[in-house]
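Engineer: Quick one: this structure, given as C-alpha cells, is what I'll be asking you about.
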Amino acid sequence: MFSDDPTILINELEKIDQAMDEAELNFQTLLQRVHPSQAISAKNLLHYLVLRNRDIRDLQDTLHAHGLSSLASSESHIRSQVLAILGHLGAANVKTPEELCTYEMGLKRIKEKTTALFGNRLLEGIPHIMVTFDSAFGCHYATVKSLLQSGMTVARINCAHDDESMWLQMIRNIRKAQEKTGLPCKIYMDLAGPKIRTRTPHDKKMKIKAGGTILLCEEDRSEEKCLGISLPGIINQLKPGERALFDDGVIETVVDQVNDGVAKLIVTRISSKKPVIKPGKGINFPDSTLTISSLTDFDRASLPFIKKYGDMVGYSYLRNAKDVIELQEAIQDQPDLSIILKIETPDAVKNLPEILFQGMKNENFGVMIARGDLAVEVGFERMSEVQEEILWICEAGHVPVIYATQVLENLNKAGLATRSEVIDAAHAAMAECVMINKGTHTIEVIETLRDILLRSGGHHLKKRFTFRPLQIASRFVGG
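Be aware that the sequence shown starts at 89, since it is given in this note's numbering, and climbs by one per residue.
Right, here's the structure in full:
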C-alpha cells in the first residue's frame with residue numbers, strides 16, 4: 089500500500105492526470121479524425137489506456153482504505169474520477185478540462201449508442217437479445233413471430249450460409265412479424281469472411297493418430313494423408329513450430345516443415361473419442377501472421393444486398409485498423425449501415441485500441457466478442473481474461489458490445505442448461521447485446537436468458553456492482 093500521507097496520494101494522482109493531458113497532445117491528430125459525435129468518447133478511451141499502462145494496484149488499495157474511489161469500475165469516465173478524488177483529498181488548483189466526460193455523460197453516451205445500434209430495450213436493465221436465424225425461419229413465419237414475442241430484438245443472418253433468396257425470405261418474415269406484433273427488430277447480417285476449412289480426399293473422413301503426420305496441401309490431392317485447404321495462399325506463409333488447430337481446437341498439430349505448397353504437420357493432441365478429420369471443418373493458425381484480406385470477393389458480392397436490407401453488418405477476422413478501413417470504404421455510400429467489428433483473433437485483441445479509434449470515424453459502430461474462434465486462437469485458459477479486457481476497453485470508448493457464441497448452448501441443443509453456462513449467461517449482463525446461436529430450443533433459451541439477465545442485471549451496472557436489497561439479509565435482520 090501507498091503511504092497514508094495525502095500529499096503522496098495527491099502527487100501520484102496528479103502524475104496520472106498529467107499523463108492523460110500529455111496523451112491528448114501526443115495523439116491530437118488521432119483524436120481530430122474521429123466523428124464529431126465520438127470526440128469525448130475517444131478522449132476517454134485514450135485516458136483509460138494511459139491509466140492501464142501503469143500498475144496502480146497499491147494506489148488502489150490505499151484509496152480504498154481511505155474510503156475513496158479505487159478507480160475500478162470507472163471506465164466510462166476515468167479522468168473525471170481521477171479529478172474527483174484529487175478534489176476529495178484537498179488538492180490545490182484542480183482544473184477541470186473542457187469536454188470532460190463525467191459519470192452521467194458516460195452512462196448517457198453508452199445508452200444513446202446502444203439505442204442507435206439496436207433500438208429501444210424491451211426491458212430496462214437487460215441487454216438486447218440477438219438470435220441467429222436458421223434456414224427454416226425463412227419458411228416458418230410463426231416461429232419468427234414467436235421469437236419476437238419472446239424477446240428477440242435483433243435477428244442475425246449469417247451470410248456464410250444460404251443465399252440471397254433465402255435471406256430475403258427471412259427478412260420478409262421478420263418485417264411481417266414486426267408489423268403484426270408492433271415489436272421492434274433490427275437486422276444484423278454477418279459477412280462470411282475468409283473462413284479457412286478442411287477439404288479431404290473424396291470428401292471422406294481422414295483418420296489420424298496422436299504423433300502421426302498430416303500433409304496440408306495447397307491443391308487437392310488423392311493421397312490418404314493429404315488434407316486440402318479451402319483458402320489458397322495460406323500454406324507457404326506457415327513456419328515450423330506454429331500450431332494448426334482443427335475443428336474448434338479439438339485437434340492440435342504443429343508445423344514440422346513447409347515445402348512448395350505442402351506443410352507437414354505433427355498431430356500433438358486429439359481431444360475426441362473419434363480420431364478423424366471431417367471435410368468442412370474450421371482450421372485456425374493462432375501463431376501465424378497471415379497476409380489475407382478480411383473482406384473477401386464473396387463478401388463484396390454480398391454487400392449490395394446487405395446495404396439494401398440490413399441495419400448492421402458484421403465484419404469477421406479483422407486484425408487491424410487497415411482491415412476496418414477496407415470495409416468502411418466499401419460501404420461509405422450507405423452511412424446508415426452500422427459496422428459491428430468482430431474480435432476473434434489474437435491480432436484483433438492486440439490492436440483493439442487502433443481498431444476502436446478507426447471505428448470511431450463512423451457515427452455508430454459496435455464490437456462483437458466472437459468467443460468461439462477467439463477461444464481457439466488465444467487459448468481457452470486465457471479466454472476469461474481476454475473477454476474482460478475487451479469489455480473494459482470498449483466501455484471506456486462507450487462502444488456497445490455483443491456477447492456472442494455458446495451462450496446457453498447446451499440448453500439450446502439438448503433442452504437442459506449446465507451450471508457453468510448459466511453462470512456464463514449471467515456474465516453477459518455486462519454487455520449491451522447477447523447473441524444466441526440457432527438450436528432446437530431457441531424460444532426456451534430466450535426466456536431463460538431474459539430471466540437470468542433480469543436477476544443478474546439488478547446486481548451490477550456494467551462491471552460496477554450495485555446493492556439492491558437481498559432477501560437473505562432481510563430475512564435475518566428484518567425490516
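Heads up, the beta-carbon is just placed ideally off N, CA and C, and yes, glycines get one too.
In chain order, what residues of the same chain lie with their CB nearer than 7 angstroms to the CB of E163, ignoring the 5 residues before and after it?
Structural biologist: Closer than 7 angstroms at the Cβ level, and outside the excluded window around E163, lie Y136, W480, E483 and A484.
Engineer: Give the straight-line distance between the Cα atoms of V342 and P282, rounded to the nearest whole angstrom.
Structural biologist: 22 angstroms
Engineer: Excluding the 5 residues flanking L119 on each side, which residues of the same chain have their C-beta closer than 8 angstroms to its C-beta?
Structural biologist: E112, A127, A130, K131 and L134
Engineer: What does DSSP give as the partner residues of H216 in its beta bridges?
Structural biologist: C521
Engineer: Is the beta carbon of R349 sitting closer than 8 angstroms to the one on R285?
Structural biologist: The amino acid at residue 349 is misidentified as Arg; the sequence shows Gly. Contact flag unset, no.
Engineer: Suppose contacts are defined by Cβ-Cβ distances below 8 angstroms. Is P363 in contact with K297 by that definition?
Structural biologist: yes
Engineer: With DSSP run on the structure shown, which of helix, strand or coil describes G402?
Structural biologist: strand
Engineer: Tell me, which residues are paired with V355 by DSSP?
Structural biologist: T341
Engineer: For R140, which three-state DSSP category applies?
Structural biologist: R140 falls in the coil class under three-state DSSP.
Engineer: Would you list the residues sitting across from G368 in a DSSP beta bridge?
Structural biologist: Paired residues: none, contrary to the question.
Engineer: Exposed or buried, what is V464 when buried is set at 16 or more other beta-carbons lying within 10 Å of its beta-carbon?
Structural biologist: buried
Engineer: R287 by DSSP, collapsed to three states: which one?
Structural biologist: In the three-state reduction of the DSSP assignment, R287 falls in the strand class.
Engineer: Identify which residue in S508, R287, A153 and E252 has its Cα closest to the Cα of F386.
Structural biologist: When only C-alpha atoms are compared, the closest one is E252.
Engineer: Hey, could you find the ends of the alpha helix (DSSP H) F386 is sitting in?
Structural biologist: D385 to Y397
Engineer: What are the residues that DSSP puts in a beta bridge with T301?
Structural biologist: Paired residue(s): I354.
Engineer: Across which residues does DSSP place I478 in a beta bridge pair?
Structural biologist: Looking at the DSSP assignment, I478 forms no beta bridge with any residue, so it has no partner.
Engineer: My guess is that M294 and C273 are in contact by the Cβ rule of under 8 angstroms, so how many angstroms apart are they, rounded?
Structural biologist: Not really, about 42 angstroms apart at Cβ, beyond 8 angstroms.
Engineer: On the three-state DSSP scale, how would you describe I560?
Structural biologist: helix
Engineer: Looking at C-alpha atoms only, which residue of L444, I419 and A230 is the closest neighbour of G454?
Structural biologist: In terms of Cα proximity to G454, the closest of L444, I419 and A230 is L444.
Engineer: What residues in its chain sit with their C-beta under 8 angstroms from that of F373, if we drop five residues either side in the sequence?
Structural biologist: I284, I322, L326, E330, R331, A332 and L333
Engineer: Measure the alpha-carbon distance for I358 versus S157 and round it to whole angstroms.
Structural biologist: 48 angstroms
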